[in-house]
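**Student:**
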Amino acid sequence: MSQEDPACCGSGCTNCVLDMKPSKYTLPPDVVNVFDRTYKQFRCECVTPAADNVFRFRFRYIPAIGDDRERLIVPPGCHLMLRALRSVLHQPDRKPDRSPEDNPLLRWWEANPVQPGGEQHAKQTLEKHDKSEDDLYLSRPYTPIAFDQERGTFDVLIKLEPGGQMTHHLVTLSAGSRTEWKGVYGDFQWTRNRYRHVVAFVQGVAIAPVYSTLRSILDDEGDETRLTLCACFRNLAGVLLRDELRSLAGYWNFAYAIYLSRRTCACAAAGVERCNCLAARLRYNEPIHDRRLAAAEIERLLQRPLADGKPSLLVLLCGTETFTSFIKSTVEKLEIENCYTF
Numbered sequence: 001m002s003q004e005d006p007a008c009c010g011s012g013c014t015n016c017v018l019d020m021k022p023s024k025y026t027l028p029p030d031v032v033n034v035f036d037r038t039y040k041q042f043r044c045e046c047v048t049p050a051a052d053n054v055f056r057f058r059f060r061y062i063p064a065i066g067d068d069r070e071r072l073i074v075p076p077g078c079h080l081m082l083r084a085l086r087s088v089l090h091q092p093d094r095k096p097d098r099s100p101e102d103n104p105l106l107r108w109w110e111a112n113p114v115q116p117g118g119e120q121h122a123k124q125t126l127e128k129h130d131k132s133e134d135d136l137y138l139s140r141p142y143t144p145i146a147f148d149q150e151r152g153t154f155d156v157l158i159k160l161e162p163g164g165q166m167t168h169h170l171v172t173l174s175a176g177s178r179t180e181w182k183g184v185y186g187d188f189q190w191t192r193n194r195y196r197h198v199v200a201f202v203q204g205v206a207i208a209p210v211y212s213t214l215r216s217i218l219d220d221e222g223d224e225t226r227l228t229l230c231a232c233f234r235n236l237a238g239v240l241l242r243d244e245l246r247s248l249a250g251y252w253n254f255a256y257a258i259y260l261s262r263r264t265c266a267c268a269a270a271g272v273e274r275c276n277c278l279a280a281r282l283r284y285n286e287p288i289h290d291r292r293l294a295a296a297e298i299e300r301l302l303q304r305p306l307a308d309g310k311p312s313l314l315v316l317l318c319g320t321e322t323f324t325s326f327i328k329s330t331v332e333k334l335e336i337e338n339c340y341t342f
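The numbers in full-length UniProt numbering rise by one with no breaks, and the one at position 242 of the sequence shown is 242.
(1) Would Ser139 and Leu82 qualify as a contact pair, given that the criterion is a beta-carbon distance under 8 Å?
(2) Determine whether the beta carbon atoms of Gly183 and Arg43 lie at a separation below 8 Å.
(3) Taking the alpha-carbon positions, what's the Ala111 to Glu332 distance?
(4) On the three-state DSSP scale, how would you describe Ser261?
(5) Look at the alpha carbon of Thr172 and the alpha carbon of Ser312, and state the distance between them as a whole number of angstroms.
(6) Pairing CB atoms from the stretch 215-229 with CB atoms from the stretch 242-254, are three or more of them under 8 Å?
(7) What's the call for Trp190, buried or exposed, on a 16-neighbour Cβ count within 10 Å?
(8) Would Pro144 pass as a contact of Val74 if the rule is Cβ separation under 8 Å?
(9) Taking contact to mean at least 3 C-beta pairs separated by less than 8 Å, is the stretch 62-81 in contact with the stretch 209-221?
(10) Could you give the uninterrupted runs of the beta strand (DSSP E) lying entirely in the stretch 140-192, keeping only those of 3 residues or more?
(11) So, using beta-carbon positions, are Glu213 and Asn253 closer together than 8 Å?
(12) Check this for me: beta carbons of Asp308 and Arg196, under 8 Å apart or not?
(13) Just curious, the alpha helix (DSSP H) that Leu218 is in, first and last residue?
(14) Shortest alpha-carbon distance to Val315 belongs to which of Asn15, Arg194, Ala279 and Ala64?
(15) From the DSSP secondary-structure annotation, give me the bridge partner or partners of Ile288.
(16) Within 10 Å of its beta-carbon, does Ser325 have 16 or more other beta-carbons around it, so buried, or fewer, so exposed?
(17) Thr179 and Phe59: beta carbons closer than 8 Å?
(18) Let me make sure I understand the geometry here. Which of Leu260, Asp102, Ala84 and Val34 has the alpha-carbon closest to that of Pro49?
(19) Just list the residues that DSSP pairs Ile50 with in beta bridges.
(20) Name the one or two DSSP bridge partners that Thr228 has.
(21) Would the beta-carbon of His289 fall within 8 Å of that of Ile258?
(22) Helix, strand or coil for Val31? Go by DSSP, reduced to three states.
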């Protein structure tokens with residue numbers, strides 16, 4: 001989300017402050033987007049583990065009335081809002097015929113108990129925009145990494161936090177559960193071949209909006225923009241979309257590199273600075289490095305496309321404020337004009 005967007009209070013208001021900002025996206029006259037900024041019903045279709053504490057959820061639209069013009073469309077980089085009833089007693093539904101081995105969310109919940117006093121209230125309370133509405137809900141933004149117009153489905157990556165308010169709701173979901181979503185939100189817009197180079201820096205689950213953007217560019221056969229992605233994760237088990245990125249590397253105009261901030265092998269614990277433990281776990285030519293992304297490397301990655309002129313380069317950022325500020329320091333040092341933060 002850009003810094004210009006108004007701040008959502010996270011209370012799942014029917015009249016959200018984000019709805020004050022008109023959508024910049026237009027559709028053909030014979031197409032109606034499922035997402036019209038009102039809450040719609042979606043059924044959870046499946047849940048699969050994606051990485052440590054991160055799960056991939058797929059949701060399918062439940063139409064209220066049949067309309068052949070309806071299509072599920074999420075523009076690149078845009079996000080949706082998930083709403084849930086506020087409750088401190090959410091717990092996974094342990095059905096007699098289902099064991100933790102059958103339900104990845106139940107396995108996670110049992111492996112990550114909330115310690116006494118450990119309930120999280122990480123989201124800062126903001127002043128409600130719609131003060132006429134009772135504070136019965138909570139809402140959180142999530143960016144789809146894929147969607148299917150015809151089938152009416154979309155996929156999101158969601159990181160679960162022990163004691164997190166939305167996590168209390170998410171761990172109760174299983175195939176068939178009903179959820180409420182609305183959207184779309186976001187002001188990033190892409191014009192084919194507007195820039196010659198796009199270099200993106202992402203951190204953890206914040207890869208979602210950048211991945212969806214780069215994926216849409218690569219899906220456009222007429223777009224020849226050269227794309228570079230630098231993704232930072234804690235360790236190899238935490239790498240998201242590993243198979244998808246390796247597949248995208250088959251495109252002539254896409255390159256990527258993954259940086260791991262922590263070494264988890266026995267050599268690291270023994271104080272050995274360099275070893276081949278990571279290399280033994282990688283696939284052929286997989287660009288994963290067991291080191292943090294350093295400022296000197298950021299500068300080197302940006303210097304190459306700058307040879308074609310500053311106006312031809314766009315930098316995309318998504319991550320924590322500390323992470324994006326670190327990248328921006330090099331962007332500003334190089335006087336790069338075009339930089340967008342999701």
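We put the beta carbon where it would ideally sit given N, CA and C, even for glycine.
**Tutor:** To lay it out plainly:
(1) Yes.
(2) The answer is no: Cβ separation not under 8 Å.
(3) Going from the Cα of Ala111 to the Cα of Glu332 covers about 43 Å.
(4) The answer is coil: DSSP assigns Ser261 none of H, G, I, E or B.
(5) A direct Cα-Cα distance of roughly 47 Å separates Thr172 from Ser312.
(6) Contact check between the stretch 215-229 and the stretch 242-254: three or more CB pairs, one atom from each, fall below 8 Å, which counts as touching.
(7) The residue in question, Trp190, is buried, as its Cβ has 16 or more Cβ neighbours within 10 Å.
(8) The Cβ atoms of Pro144 and Val74 sit closer than 8 Å to each other.
(9) The stretch 62-81 vs the stretch 209-221: in contact.
(10) DSSP runs (the beta strand (DSSP E)) wholly in the stretch 140-192: 144-148, 153-159 and 178-185.
(11) According to the sequence provided, residue 213 is Thr. The question's Glu does not apply to it. Not closer than 8 Å, so no.
(12) For Asp308 and Arg196, yes; Cβs fall inside 8 Å.
(13) For Leu218, the enclosing alpha helix (DSSP H) stretches over residues Ile207 to Asp219.
(14) The residue with the shortest Cα to Cα distance from Val315 is Arg194.
(15) Answer is Ile258.
(16) Exposed: under 16 other Cβ atoms inside 10 Å.
(17) Their beta carbons are under 8 Å apart, which means Thr179 touches Phe59 by this criterion.
(18) Cα-wise, what sits closest to Pro49 is Asp102.
(19) A small fix is needed here, since residue 50 is Ala in this sequence, not Ile. Per DSSP, none; premise fails for Ala50.
(20) In DSSP, Thr228 forms a bridge with Val199 and Ala255.
(21) In terms of Cβ geometry, His289 and Ile258 form a close pair [threshold 8 Å].
(22) It is coil, neither helix nor strand.
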